[in-house]
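Asks: In the UniProt record's numbering, the protein residues as written are 1 to 630. Just so you know, even glycine gets a beta-carbon here, dropped at the ideal spot from N, CA and C. Note that this is a predicted model, so its numbers are computed, not measured. Quick one: structure below, then a few questions.
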């Protein structure tokens, strides 16, 4: 075999070599496409790359069609197009919940994609048939090990492509980086399993040949770099599970980066320039390095390193962080904040927080990033304590973002909005409410003849536009479920402040309905003598309904009602979908615990199934925001 390696490589990937040790029949069999070691990188690694690129290509086509070809509000499309969209959305939303471990599965569409990957890898690995050479005539690399090694190497660039906050895949598909995390984990699992399938055949082969000790001593670098790489790969794979990661995020992040560095060095050493293995390291660097450097460069040169944040503690115990900003963002987006005055561990670790404010539409007024955080353990507890001891304290911070968020085009195409939140998702609702108030207020101001008015999207609306003609949603229904009475009061005050912030808010409030569902101790503490049970909520809320906000010295109210008990989310979604007229679109946005997420996504999937079966017309779109997506 060593002599064969010295033979020149041909353009087709084969080599001219002499088959002296083999018979003509043996040589012909060995040089077949699925058996020939010298073209294994082309036969097994390249199809793996093509498989991943094909999956990405499907999302690119969908993104282009939905955003640039058929993505206009005025074009709802023929029934076949609406049913096609409903089918895709059903696969994108339908999921399963395992109550015993409080775990939501991936959606059916993602599970099918994972199943396709599983079939692909098993077929590529097992279908060629031969797993071990019948003798040492064909070399010391078992066929099974060769195939799995090259497929594992081909996975590497895509693991790093789905690991970064700024991602090339996000750029071409429109899929936000946090939603790529599931693929980052799954490709990592495939990478690790293939690495095991690459390792164990060598052990079995040399044990059978009774030369294990000889090969370990004569190929010390090859074997030991592989073992070290496998150990650190196992750490990266298993210690990244959310159960372990949540025990200490800072520790996880530091050890994860350290393990990645050690793994890449030892894996590169282990590959030892074999055939085209170097190409995959070059591709990985070309994909990852720009995406890793870009956020740092943006923070330093666009946002600046002298930013300071003010920290407060709200009445309901939320930690409020306020940071001046010179950029725009959309509801649901988040930023990574790096606090440099809380020790080295925090200075090198950035934490994602959802933005709970809207950018200023007045060029003379500066925008502010506002974050509301319910402290848990670790850093958020330290931040809360610091704000408690020094209210309004100013601390240095580095801002990276914004990331994620809603699809603005989908928002503008919608006719009705349903925003659902649970617990600490109360702050997440506020930008949706403010955006809607801005839109309806500016539309009403335009209708009164005050010339051109800038909407929330900075688009000028002519004087003759009416609220129903302006692009954007016509109604908003907000559902908040909380077991904290202080959060209930805080949320209602915040909504009341938003309504009083705009001169035409009194008129636009007739299109807003806020429903607060109090559970546990909150229902016992609040006076809900006027409330209704959530099951009988249909038709119980109208524009005349008001929630009195308990504020001393002021008479504030919010349009809506309060209820005792958990909201029946499938019923509420069914009501809103039925309320939407013929051909109208309902957008559902949700942020809450896993059970709430599961109820909402399956209810929306059910509505799309109804569209697919021809029971209704229009569309129902879902955007989910998880408390923890990594």
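1. With a threshold of 16 other CB atoms inside 10 Å of the CB of residue 210, please say whether the residue is buried or exposed.
2. When the Cα atoms are used, what is the spatial distance from residue 167 to residue 59?
3. In terms of DSSP beta bridges, what is residue 103 paired with?
4. Please report the straight-line C-alpha distance between residue 482 and residue 307, rounded to a whole angstrom.
5. Can you tell me the Cα-Cα spacing of residue 299 and residue 337, whole angstroms?
6. With a floor of 4 residues, list each alpha helix (DSSP H) that falls wholly inside the segment 259-316, ordered by position along the chain.
7. Can you give me the C-alpha to C-alpha distance between residue 597 and residue 174, rounded to a whole angstrom?
8. Quick check: the Cα distance between residue 431 and residue 35, rounded to an integer number of angstroms?
9. Which one or two residues does DSSP pair with residue 589 in a beta bridge?
10. Residue 94 and residue 621: beta carbons closer than 8 Å?
11. Going straight from the alpha carbon of residue 198 to that of residue 191, what length do you get?
12. Looking only at its chain, what residues have a beta carbon closer than 8 Å to the beta carbon of residue 318, apart from the 5 residues adjacent to it on each side?
13. Would you give the residue range spanned by the alpha helix (DSSP H) that residue 408 belongs to?
14. Buried or exposed, going by whether 16 or more other CB atoms sit within 10 Å of the CB of residue 618?
15. In whole angstroms, what separates the C-alpha of residue 455 from that of residue 243?
16. Take the Cβ of residue 613 as the centre, count every other Cβ of all protein chains shown within 10 Å, and call the residue buried at 16 or more, exposed below.
17. Assuming residue 339 and residue 395 are in contact, meaning their beta carbons sit under 8 Å apart, how far apart are those beta carbons, in whole angstroms?
18. Among the residues of its own chain, which have a CB less than 8 Å from the CB of residue 64, if the five just before and after it don't count?
19. Do the segment 200-208 and the segment 139-148 meet, that is, are 3 or more Cβ pairs less than 8 Å apart?
20. Would you please state the rounded distance, in angstroms, between the beta carbons of residue 495 and residue 558? I believe it to be under 8 Å.
21. Please list, in chain order, all residues of the same chain as residue 356 whose beta carbon is under 8 Å from its beta carbon, the five residues on each side excluded.
22. For residue 274 and residue 346, what's the separation of their Cα atoms in angstroms?
23. If we ignore side chains and look at the alpha-carbon of each, how far apart do residue 248 and residue 162 end up?
24. What is the residue span of the beta strand (DSSP E) that residue 557 lies within?
25. If the criterion is Cβ atoms closer than 8 Å, does the pair residue 477 and residue 417 meet it?
26. Who are the near neighbours of residue 359 in its chain, counting only those whose CB is closer than 8 Å to its CB and skipping five residues on each side?
27. Would you kindly work out how many angstroms separate the C-alpha atoms of residue 626 and residue 591, rounded to a whole number?
28. Compute the distance between the beta-carbons of residue 561 and residue 573, then report whether it is under 8 Å.
29. Return the residue from the list 30, 228, 556, 27 that minimises the CA-CA distance to residue 270.
30. For residue 118 and residue 125, I'd like the C-alpha separation in whole angstroms.
31. Among residues of its own chain, excluding the 5 on either side of residue 92, which ones have a beta-carbon nearer than 7 Å to its beta-carbon?
32. Which residues bound the beta strand (DSSP E) around residue 549?
33. Indicate the three-state DSSP secondary structure (helix, strand or coil) for residue 184 in the structure shown.
Replies: For this structure:
1. exposed
2. 14 Å
3. 98
4. 34 Å
5. 10 Å
6. 277-298
7. 22 Å
8. 59 Å
9. 419, 623
10. no
11. 10 Å
12. 372, 373, 374, 424, 427, 487, 490
13. 408-413
14. buried
15. Residue placement at residue 455 is flagged as unreliable, the pLDDT there being 39, under the threshold of 50; a coordinate-derived value is accordingly withheld.
16. exposed
17. 6 Å
18. none
19. yes
20. 5 Å
21. 370, 371, 372, 427, 428, 430, 431
22. 41 Å
23. 23 Å
24. 556-564
25. yes
26. 325, 327, 328, 329, 367
27. 6 Å
28. no
29. 228
30. 11 Å
31. 107, 109
32. 546-549
33. helix
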